[in-house]
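These notes concern the structure reproduced below.
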Amino acid sequence: MTRALYARLRDEVLVATMLTLTVQDVQESVAQWADRPRNVFYEASTRRGAWTRTQLLILGQRWLCGDKTADIAEMLGRSAGSVRAKRKQLGLPPRIRLSKIQAETILAEKRSAIPADPEAVLTWEQAFLLPHEARRGRTWLVRNSLNRLTLTGHKGGDKVRWHEAANIEIAYRHFAFQNPREIARDFLISESALKSQSCWEQLPPRRGAKVPWFIHARAEYYIGEHHYIRRECLCKSGCFFWTTRKGGDRVSRRYRRSIAATHGIAA
């Protein structure tokens with residue numbers, strides 16, 4: 001499916017985002033293809049009703065996330081028939097109607113196939129199928145991440161071990177206006193944990209409608225448009241936070257609050 005979609009679109013990032021893969025996954029899939037088409041930035045046809053790059057990103061990502069056809073059609077401002085036709089044209093996997101018994105059998109098979117080795121990196125789906133307690137100490141892939149981002153659960157509780165790449169991706173999803181509920185679901189964390197981490201990073205408020213999908217390019221555009229930068233605190237080494245490039249804070253809110261608490265003054 002990856003090679004067939006790449007042959008049609010010829011855009012590694014677009015294919016990766018549509019199939020909820022990493023760019024590296026796509027590159028590896030087509031690496032041995034002797035007559036591989038050159039990677040280009042996909043541009044939509046100028047004809048009326050042509051599917052835009054953004055619409056393709058949304059279609060692929062939300063289809064593979066299991067959204068209903070009618071819901072995807074509403075997101076895209078298109079008919080359900082148009083969504084079905086485009087899905088078929090692109091070769092995205094069809095939806096198969098299953099009886100309750102069939103669905104339960106498949107689910108049981110998927111659960112039994114989850115690696116027992118605690119060092120094995122789980123796919124998002126494998127981790128999702130595990131109860132919270134079983135994720136402790138396990139590492140899993142974050143869904144819809146272009147960079148093969150992973151998270152690891154603490155062995156002694158339901159928290160996760162945060163790292164720089166995860167902090168940055170949380171910010172990019174924030175700036176791409178992804179709905180907090182969907183961000184938390186993609187990371188397999190609680191919304192309260194997401195809110196706490198967002199405060200830690202000092203992510204500024206977003207004004208606008210939130211969406212279920214994540215488009216990395218939208219975050220890059222928004223960051224550039226508003227001149228945001230992730231800066232290291234002048235007073236606390238290793239403490240990074242988001243602010244504006246010109247006239248923004250140089251000292252993190254976290255550091256100011258710690259000083260205020262120590263000396264009993266207002267932050």
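So for the sequence shown, full-length UniProt numbering puts the first residue at 1; every next one is plus one. Ideal Cβ placement from N, Cα and C applies to all residues, glycine included. Predicted model, so just to flag it, every value in this text is computed and none were measured.
When DSSP labels each residue in this structure, what does Gly-156 get in the three-state scheme?
If DSSP states are grouped into helix, strand and coil, Gly-156 belongs with coil.
What residue range is occupied by the uninterrupted alpha helix (DSSP H) comprising Trp-63?
Residues 53-64.
Contact between the segment 27-39 and the segment 52-68 (3+ Cβ pairs under 8 angstroms):
The segment 52-68 and the segment 27-39 do not touch, with fewer than three beta-carbon pairs separated by less than 8 angstroms.
What are the partner residues of Glu-232, as DSSP defines its beta bridges?
Glu-232 is bridged by DSSP to Phe-240.
In angstroms, rounded to a whole number, what distance separates the CA positions of Leu-146 and Leu-14?
Roughly 10 angstroms between the two C-alpha positions.
Distance, Cα to Cα, Gly-208 vs Ile-101?
The straight-line gap from Cα to Cα measures roughly 43 angstroms.
Is the beta carbon of Arg-135 sitting closer than 8 angstroms to the one on Ala-127?
Their beta carbons are under 8 angstroms apart, which means Arg-135 touches Ala-127 by this criterion.
Buried or exposed by the 16-neighbour rule on C-beta atoms within 10 Å, applied to Thr-243:
Thr-243 sits buried, since 16 or more C-beta atoms from the chains shown fall within 10 Å of its C-beta.
From this set, Ala-85, Glu-104, Arg-148 and Val-83, which residue's C-alpha is nearest Leu-129's C-alpha?
The shortest Cα separation from Leu-129 among Ala-85, Glu-104, Arg-148 and Val-83 belongs to Glu-104.
Quick one: give me the first and last residue of the beta strand (DSSP E) that Thr-139 is part of.
That run of the beta strand (DSSP E) goes 139-141.
I'd like to know whether the C-beta atoms of Phe-177 and Arg-206 end up nearer to each other than 8 angstroms.
Result yes, Cβ atoms of Phe-177 and Arg-206 sit closer than 8 angstroms.
Check whether the Cβ atoms of Phe-241 and Arg-231 lie closer than 8 angstroms to each other.
In this structure, Arg-231 lies closer than 8 angstroms to Phe-241 by Cβ.
Residues that DSSP places opposite Leu-122 in a beta bridge:
When DSSP reads this structure, Leu-122 sits in a beta bridge with Trp-140.
Environment of Trp-140 [buried if 16+ CB atoms lie within 10 Å]:
That one is buried.
Exposed or buried, which one is Arg-173 when buried takes at least 16 other CB atoms within 10 Å?
Flag for Arg-173 reads buried.
I'd like to know if Ser-82 contacts chain D, where contact means its C-beta is closer than 8 angstroms to some C-beta of that chain.
Judged by its chain identifiers, the structure shown contains no chain D, having just a single protein chain.
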